[in-house]
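Chemist:
Residue numbers (UniProt numbering): 1 to 81.
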C-alpha cells in the first residue's frame with residue numbers, strides 16, 4: 001500500500017514546504033485584509049487549501065530529513081570501513 005507520508009527521492013521538500021508556507025502567509029494576509037477592506041473580499045478562500053498542504057509537507061519533510069540523515073550516516077560508515 002502507498003504511504004502518503006513517505007518522501008520521494010527526487011523532490012526537495014525544503015522548497016515544497018517553503019512554497020506552501022508562502023501561500024499560507026498570503027492566505028493569512030488576505031484573510032486579515034478581508035476583515036478591513038472590501039477590495040479583497042473573498043480572495044483568501046483561493047489560498048485556503050494550502051494550510052493542510054503545508055501541514056502535510058512539514059510531516060513529509062521531517063521524514064525526508066530523517067531518511068537523508070540515515071543515508072549520510074551509511075555513506076560515512078562505508079567510507080570509514
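Built from N, CA and C at the ideal position, the CB exists for glycine as well.
Remember, predicted model here, so these are calculated numbers, not experimental data.
Count the other C-beta atoms from every protein chain shown that fall within 10 angstroms of the C-beta of residue 24, then say buried if there are 16 or more, exposed otherwise.
Modeler: So residue 24 ends up on the buried side.
Chemist: Pick out whichever of 70, 21, 13 and 11 has its Cα sitting closest to the Cα of residue 49.
Modeler: Among 70, 21, 13 and 11, the Cα nearest to that of residue 49 is on 21.
Chemist: Give the secondary structure of residue 4 by DSSP, where H, G and I count as helix, E and B as strand, and everything else as coil.
Modeler: If DSSP states are grouped into helix, strand and coil, residue 4 belongs with coil.
Chemist: Measuring CA to CA, which of 46, 16 and 17 is closest to residue 26?
Modeler: For residue 26, the nearest C-alpha among the options comes from 46.
Chemist: If you reduce the DSSP assignment to three classes, tell me which class residue 38 lands in.
Modeler: In the structure shown, residue 38 sits in coil (DSSP, three-state: anything other than H, G, I, E or B).
Chemist: Let me know if residue 8 comes out buried or exposed under the rule of 16 or more other beta-carbons within 10 Å of its beta-carbon.
Modeler: With fewer than 16 other Cβ atoms within 10 Å, it is exposed.
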